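There are 2 protein chains.
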Amino acid sequence: MTDQVIAGTDLTRLRELNSLTIVSALRDQPPATVTELAKLTGLSRPAVDVIAQGLVTGGWATVVEPDGSSVVGRPARRYRFRASAGHVIGVDVGAHKILALLADLDGTVVHTARRSVAADANASERLAALDDVLAVCLSESGKTAQDIWAVTAGVTGPVDATGKTTLFAVLPGWQTVDLAAHLSNRFTCPIIVENDCKLAALAERWQGSARDANDIVFLLAGMRMGAGLIIDGVLRRGFGGAAGEIGALKAVRWLSAPAHLQGCPGVPTTVGPDDAAAWTFNAARDGNRDARAAVNRYVKDIAVGTAALVLALDPQVVVFGGGFSRSADLVLDPLRRELQKLCLRVPDVRASTLGADSVALGALRLALNEVDRRLFTVGLSAPPAAPRREESPAQSNEVAGTKV
Amino acid sequence: MTDQVIAGTDLTRLRELNSLTIVSALRDQPPATVTELAKLTGLSRPAVDVIAQGLVTGGWATVVEPDGSSVVGRPARRYRFRASAGHVIGVDVGAHKILALLADLDGTVVHTARRSVAADANASERLAALDDVLAVCLSESGKTAQDIWAVTAGVTGPVDATGKTTLFAVLPGWQTVDLAAHLSNRFTCPIIVENDCKLAALAERWQGSARDANDIVFLLAGMRMGAGLIIDGVLRRGFGGAAGEIGALKAVRWLSAPAHLQGCPGVPTTVGPDDAAAWTFNAARDGNRDARAAVNRYVKDIAVGTAALVLALDPQVVVFGGGFSRSADLVLDPLRRELQKLCLRVPDVRASTLGADSVALGALRLALNEVDRRLFTVGLSAPPAAPRREESPAQSNEVAGTKV
DNA sequence: CGGACTTTGTAAACTCCATAGCAATATTGG
DNA sequence: CCAATATTGCTATGGAGTTTACAAAGTCCG
Numbered sequence: 001m002t003d004q005v006i007a008g009t010d011l012t013r014l015r016e017l018n019s020l021t022i023v024s025a026l027r028d029q030p031p032a033t034v035t036e037l038a039k040l041t042g043l044s045r046p047a048v049d050v051i052a053q054g055l056v057t058g059g060w061a062t063v064v065e066p067d068g069s070s071v072v073g074r075p076a077r078r079y080r081f082r083a084s085a086g087h088v089i090g091v092d093v094g095a096h097k098i099l100a101l102l103a104d105l106d107g108t109v110v111h112t113a114r115r116s117v118a119a120d121a122n123a124s125e126r127l128a129a130l131d132d133v134l135a136v137c138l139s140e141s142g143k144t145a146q147d148i149w150a151v152t153a154g155v156t157g158p159v160d161a162t163g164k165t166t167l168f169a170v171l172p173g174w175q176t177v178d179l180a181a182h183l184s185n186r187f188t189c190p191i192i193v194e195n196d197c198k199l200a201a202l203a204e205r206w207q208g209s210a211r212d213a214n215d216i217v218f219l220l221a222g223m224r225m226g227a228g229l230i231i232d233g234v235l236r237r238g239f240g241g242a243a244g245e246i247g248a249l250k251a252v253r254w255l256s257a258p259a260h261l262q263g264c265p266g267v268p269t270t271v272g273p274d275d276a277a278a279w280t281f282n283a284a285r286d287g288n289r290d291a292r293a294a295v296n297r298y299v300k301d302i303a304v305g306t307a308a309l310v311l312a313l314d315p316q317v318v319v320f321g322g323g324f325s326r327s328a329d330l331v332l333d334p335l336r337r338e339l340q341k342l343c344l345r346v347p348d349v350r351a352s353t354l355g356a357d358s359v360a361l362g363a364l365r366l367a368l369n370e371v372d373r374r375l376f377t378v379g380l381s382a383p384p385a386a387p388r389r390e391e392s393p394a395q396s397n398e399v400a401g402t403k404v
Numbered sequence: 001m002t003d004q005v006i007a008g009t010d011l012t013r014l015r016e017l018n019s020l021t022i023v024s025a026l027r028d029q030p031p032a033t034v035t036e037l038a039k040l041t042g043l044s045r046p047a048v049d050v051i052a053q054g055l056v057t058g059g060w061a062t063v064v065e066p067d068g069s070s071v072v073g074r075p076a077r078r079y080r081f082r083a084s085a086g087h088v089i090g091v092d093v094g095a096h097k098i099l100a101l102l103a104d105l106d107g108t109v110v111h112t113a114r115r116s117v118a119a120d121a122n123a124s125e126r127l128a129a130l131d132d133v134l135a136v137c138l139s140e141s142g143k144t145a146q147d148i149w150a151v152t153a154g155v156t157g158p159v160d161a162t163g164k165t166t167l168f169a170v171l172p173g174w175q176t177v178d179l180a181a182h183l184s185n186r187f188t189c190p191i192i193v194e195n196d197c198k199l200a201a202l203a204e205r206w207q208g209s210a211r212d213a214n215d216i217v218f219l220l221a222g223m224r225m226g227a228g229l230i231i232d233g234v235l236r237r238g239f240g241g242a243a244g245e246i247g248a249l250k251a252v253r254w255l256s257a258p259a260h261l262q263g264c265p266g267v268p269t270t271v272g273p274d275d276a277a278a279w280t281f282n283a284a285r286d287g288n289r290d291a292r293a294a295v296n297r298y299v300k301d302i303a304v305g306t307a308a309l310v311l312a313l314d315p316q317v318v319v320f321g322g323g324f325s326r327s328a329d330l331v332l333d334p335l336r337r338e339l340q341k342l343c344l345r346v347p348d349v350r351a352s353t354l355g356a357d358s359v360a361l362g363a364l365r366l367a368l369n370e371v372d373r374r375l376f377t378v379g380l381s382a383p384p385a386a387p388r389r390e391e392s393p394a395q396s397n398e399v400a401g402t403k404v
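Top line first, the protein sequences correspond to chains R and A.
Going by my numbering, the first sequence opens with residue 1, and the numbers climb by one from there.
Going by my numbering, the second sequence opens with residue 1, and the numbers climb by one from there.
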C-alpha cells in the first residue's frame, strides 16, 4: 500500500520496452523482415532496424541473409530469435516413469530422456533415477548443467510455495523429500517444483486441445485423479498451492472411482493391478457388459467432482487427460451426459491430445515462463546467459502468472 | 495469434504512461508534493513538475497552495487528484430494497438513495422503483444523468456477458428483463449489470474484511445462498458469468439450508417468513436448544458447498457475508470446524464488515473499474468528461479484470 | 533581528529515442 | 540492358527526461 511500486519510465527504459516488444514479435515464429516487424509492432522502420541490430550484437537474434525468394524488389534481410541462446528442462517425476525434456527458448524439444521406475521404488531410488535421467539428457544433448536457464519438475500431490509436498504425498517416502533442494545441488539456475495436474493443464493450453480457451478445467485421470485450473489464461495455484484438489471431499468419489475399473468382474487374474483399468476399457470397447457398467460407474463418480469444479469456475472447456485419456472415446459422452444433469451451463468436454507427455511438457512451459519473467524484469541489456537462482525461494505463484 | 496486439511506444505515449503513473500515485490518498511524487514514481522532479502542471491544466488535478506547515525549507505546493471531475453510480436491485450510491472518482460516496420494494413486486414495479431511486439520487445530489461516467447494477442470479439473467432468475418476472437496455435509456455512459454475490465480494476486498487478501471466497448468505470469487486480486466471472454457482449441485444443500432456520420448532406464528431466520438466530444466541440445533444444521449444509469452493480454489480467506452476516458470531466457529473436517488447508474464515450495503458498494467499485479501464486505454489527453457508451456491449469480463 | 540552512521552484544544457523523408542499393521482369 | 519495386542506410527534426545550477521562500538558531 505504501510503496505502490510504480515503474519510473526513463528514455532507456523505453528502448528496453521496445526491444522486448520486438523480441516478443520475433518469437512468434518465422524469421521476419524489418518492415514486417514495424508493421506488427507499430514502431517505425528505422527504430526497428536499430533495435534488431542491437539484438543481434547482443546475442538475442541472428540475421538470415536473403535467399532466393521470388518477390519483386530488393530482398529483405530477415531476423530470427536466437532460440538456441538458452535451454530449459522440464521433468515429470511420475509413479512409473521419469521423463525429462530439454528444449530451447522457443520451446522446441531438443532432447528427450525417459526411464522406467518401479511404482514402489522408495524416495532415494527415485531420486537416483531422476539424477540419472537428467545426466543422460544433458550429456546426450551436449549440454552441461550451466547451460540450463530453468528447471521445472512435476510431482504428484499438492505443492506448497516452498516446493514441498507437505499436505500429503502419493509417491512412497516422498513426504520428507525436498526436491527443489535436491535439484539445487545440480543446477545453479531457478528451480520450480509443481503439481503434475497443474503442469498438464498448462501443457494442454500451450500445445494441446485447449489452445483456444482461457478458462480451463483439466482432469488428470489415472490411478489417481486430479485437476488443474487455468483461469483467464493463467495457471492458478491457489493461496497454498492446493487449488483443484476437490478430490479430497468425501462426497466426491474421486479416490474410489478407479476401483470400479480395477475391480470389474471378469478381469483376468494374470493382469496386474496397473493394467486392470486398461483391460476394462478394452473390454468395454469390445462390448463386454460388465466392463461397460464399470466404465459408467467410473464416469458417474468422476462427474460429481468435475461438476463441482465446473459450477465453481464456469470454464469454457473441460479437458480429460492423464493415462486414461487413451480411453476418452468411452468416457467423453457419458461424462457430457452427467455434466448436463449436474451443471447450469455445460462446457466443451474434450480429450487430451498430449497423453502421457503432458506433465513434462507443462513443466517445460513453466520453466519457459520463468525465463520470460526474468527477461521482462531484467531486460535484454545483458547478453543471453543462464541466470543464477535468487536467494529467496522461487515464488511459484509469480511464475505461474504468465500467460500462455 | 496473428495480430499479437503490441503497443508501439512513441515518445508521446511515454508521456502518457508517465502521466498515468502520476495519476495513480496521486489517487492513493493525500495531496502530495512534487518531490514526494518523484520519490514515489522514480521520475525526476522536473519531469513530475511538468506532468503535474499538465494535469492541472487538463483538469485532472488541482493545486493545494501551502498552508502553515512547520517544516524546514520552503513550503511545497501540493497536488491533489480531482476526484470531483466525475461521478459513478452503483445500485443494488435487491429483493426487498433498492439502494443506489453515487460516488466521486475516489470512490467516496457523495449521496445515498434507498427505497423498499415488496419481495413479490413484479418486474415493472421493481423497474419503476429503480428509476425512482436513480432520479432521486441524481436530483438530491445536484447531478444529471450526463454527469455520470459509469453505472453498475447488481441483481440476483447469474449474469451472462450481455447483462441478462437468462439461466434462472430469482426476482419475480425477471427472466425477460434486459436491465442494461432499460438503463441505457436513462444514461449515455457505460452500463454494467452484474451478479450480486460477485459485487459483494468485490466490495469486501475493496473496503471490507478481506482487504489484505488476493484469493477470496465470498459467501452471500441469506434466504438465497451464493458465492463470489476473487482470484489473484481480480473478480472472476467464469466463461459464461456463472462462476461460484456451486449451489446448483444437488449434493450441495445450499438451496435447502435456510429452511432449517425458518422451520425451526418454536418460531412464533406471528413472525413472517422473512424474519423467521432472524428469530432463530436470536433464539440460538439466547440458548434455545432447538434454535442452536437448527443453526448447526444450517452451517453443516452450507459447509459442504463452501468446502467444495475452498478445495477447488484454495483461497486465503472465506468471508461470510449477506443478510445473515449479522449472526456471524453463531456461524463462524461451527463453520470453521466443519471446514476443518472437509478441507485440506483451512483458510481464514471471517465475517463481512459491510453488511447490507456490500452489493451497492461492489457495484460502485465495478463502475470505477470501468472508468479506470477507459483511463488507461484512452489516456489523459482529453479533459475529464463522461464517456459515451461504445456500440459493442460492455464485456463484463474485461471490466472485472482490474485489480482492487 | 539577521544570517545559515534547508527545501522548493524553474530554467538551461545535454542526452537519448523515435520519426520523417531522401538517397543509395539490389533484385525481378521485360 | 533498363525500368519498376522494395529494402536499406543516412541525416535532420522534434519530443521527453535527466542533470545541473541558481533563485525564492521559508525555518532555526545565535
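Where a beta carbon is used, it is the ideal one built from N, C-alpha and C, also for glycine.
Predicted model, so just to flag it, every value in this text is computed and none were measured.
Minimum Cβ-Cβ distance from residue i to chain R less than 7 Å
i      : result
R315/A : In the sequence as displayed, the identity of residue 315/A is Pro instead of Arg. So, interface residue.
N282/A : no
T35/A  : no
D372/A : no
D215/A : yes
L375/A : no
Q14/A  : Checking the sequence, you will find Leu at residue 14/A rather than Gln. Answer yes: the Cβ-Cβ gap between L14/A and chain R drops below 7 Å somewhere.
T62/A  : no
T9/A   : yes
Bridge partners - residue i, DSSP secondary structure assignment
i      : result
T62/R  : R80/R
F320/A : L219/A and A351/A
G228/R : F218/R
I89/R  : L102/R and V151/R
E194/A : G154/A
A32/R  : Y79/R
K97/A  : S116/A
Closer than 7 Å to chain A by CB, residue i
i      : result
A277/R : no
L26/R  : no
L309/R : yes
A312/R : yes
N18/R  : yes
L368/R : no
R365/R : no
R345/R : yes
N-terminal and C-terminal residue of the beta strand (DSSP E) that residue i is part of
i      : result
D212/A : It is not in any beta strand (DSSP E) - D212/A carries neither H nor E in the DSSP assignment.
Q112/R : With the sequence shown as reference, residue 112/R is identified as Thr, and Gln is not the correct amino acid for it. It spans V109 to S116 - the beta strand (DSSP E) in which T112/R sits, taken as one unbroken run.
R236/A : V234 to R236
Start and end residues, alpha helix (DSSP H) containing residue i
i      : result
L341/A : The identity of residue 341/A in the sequence shown is Lys, whereas the question assumes Leu. Its alpha helix (DSSP H) spans residues A328 to L342.
A153/R : Segment I148 to V155 is the beta strand (DSSP E) holding A153/R; no alpha helix (DSSP H) there.
K300/A : R289 to L313
T21/A  : L11 to R27
L380/R : Segment: none, L380/R is in no alpha helix (DSSP H) and carries neither H nor E.
A243/R : Careful: A243/R lies outside any alpha helix (DSSP H) and carries neither H nor E.
D131/R : A123 to E140
A181/R : L179 to S184
Next on the checklist: Residues of the region 223-254 of chain A in Cβ contact with chain R at a cutoff of 9 Å, in chain order, please.
Outcome noted: Residues A227, L229, I231, D232, V234, R236, R237, G238, F239, G240, G241, A242, A243, G244, E245, I246, G247, A248, L249, K250, A251 and V252.
Checklist entry - Which full runs of the alpha helix (DSSP H) of 4+ residues lie inside the region 249-278 of chain R, going along the chain? => result Correct list: 257-262.
Next on the checklist: Tell me which residues of the region 293-306 of chain R have at least one Cβ-Cβ distance to chain A shorter than 9 Å, keeping chain order.
Outcome noted: V304 and G305
Checklist entry - Looking at chain R, which residues of the region 335-359 of chain A have a Cβ within less than 8 Å of any of its Cβ atoms? => result L342, C343, L344, R345 and P347
Next on the checklist: Taking beta-carbon pairs under 7 Å, can you tell me which members of the region 108-142 of chain R lie near chain A?
Outcome noted: none
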